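Remarks on the structure that follows.
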Amino acid sequence: MAERLIDVCDSNKRVLHTYPVTLDDASGAVTDADYQAKALEAAAYGQLVPAAQLSSLTARLHQSRGGRMQPYGDEIGTTSETKSGLEQAVREQAYALWDQEGQPDGRAEEYWHRAFDQHLRERAYVLWQQEGSPEGGADEDWKRTRVFQSC
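In my numbering, the protein residues as written are 994 to 1144.
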């Protein structure tokens, strides 16, 4: 698994957010464009900009002013979907579900899986909304969300 930082920029080439993108590069066939596409998808999932502005976003390999791996331009707070961010969101949701149901013993894994499924469904719904809620598009967005999560 290779990680790169990818800058997502607005139409004026201003960096809106820098995403750490990890892809399986075992085959050696992963290109810079693959990393950039994944960062743009993360920007859509994280609602970096309103849906109408998604098509104006561009991505580039990170360009740092402070040296390698030093992000900048993160003035906009987002809920980017890094692995650690996803795990933390699921952990918090699982705890809330467990607490709502009286804190039963021995069911931590069940609550984690329920929270994980709920989180993915929410992400798929956001993507579907950003695409204009096309008829029949919800299933495709659910599949894309599952694939995105597995990378």
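Ideal Cβ placement from N, Cα and C applies to all residues, glycine included.
The structure presented is a predicted model; accordingly, all values stated were derived computationally and were not measured.
Any idea if residue i is buried or exposed, counting beta-carbon neighbours within 10 angstroms, 16 or more meaning buried?
{"i": "residue 1095", "result": "exposed"}
{"i": "residue 1035", "result": "buried"}
{"i": "residue 1054", "result": "exposed"}
{"i": "residue 1031", "result": "buried"}
{"i": "residue 1106", "result": "exposed"}
{"i": "residue 1024", "result": "exposed"}
{"i": "residue 1108", "result": "buried"}
{"i": "residue 1026", "result": "exposed"}
{"i": "residue 1073", "result": "Interpretation of residue 1073 is limited by its pLDDT of 45, a score under 50 that renders its predicted location unreliable; no figure is taken from the coordinates."}
When you compare the CB positions of residue i and residue j, do they come within less than 8 Å of one another, or not?
{"i": "residue 1134", "j": "residue 1117", "result": "yes"}
{"i": "residue 997", "j": "residue 1038", "result": "no"}
{"i": "residue 1129", "j": "residue 1121", "result": "no"}
{"i": "residue 1123", "j": "residue 1086", "result": "no"}
{"i": "residue 1000", "j": "residue 1050", "result": "no"}
{"i": "residue 1009", "j": "residue 1041", "result": "yes"}
{"i": "residue 1104", "j": "residue 1113", "result": "no"}
{"i": "residue 1019", "j": "residue 1033", "result": "no"}
In the DSSP assignment, find the beta strand (DSSP E) that holds residue i and state where it starts and stops.
{"i": "residue 1034", "result": "Premise fails: residue 1034 lies in the alpha helix (DSSP H), 1025-1038, not in any beta strand (DSSP E)."}
{"i": "residue 1042", "result": "Taken as a continuous stretch (DSSP letters only), residue 1042 belongs to no beta strand (DSSP E), as it is neither H nor E."}
{"i": "residue 995", "result": "995-1002"}
{"i": "residue 1052", "result": "1051-1054"}
{"i": "residue 1013", "result": "1008-1016"}
From which residue to which residue does the alpha helix (DSSP H) around residue i run?
{"i": "residue 1122", "result": "1101-1123"}
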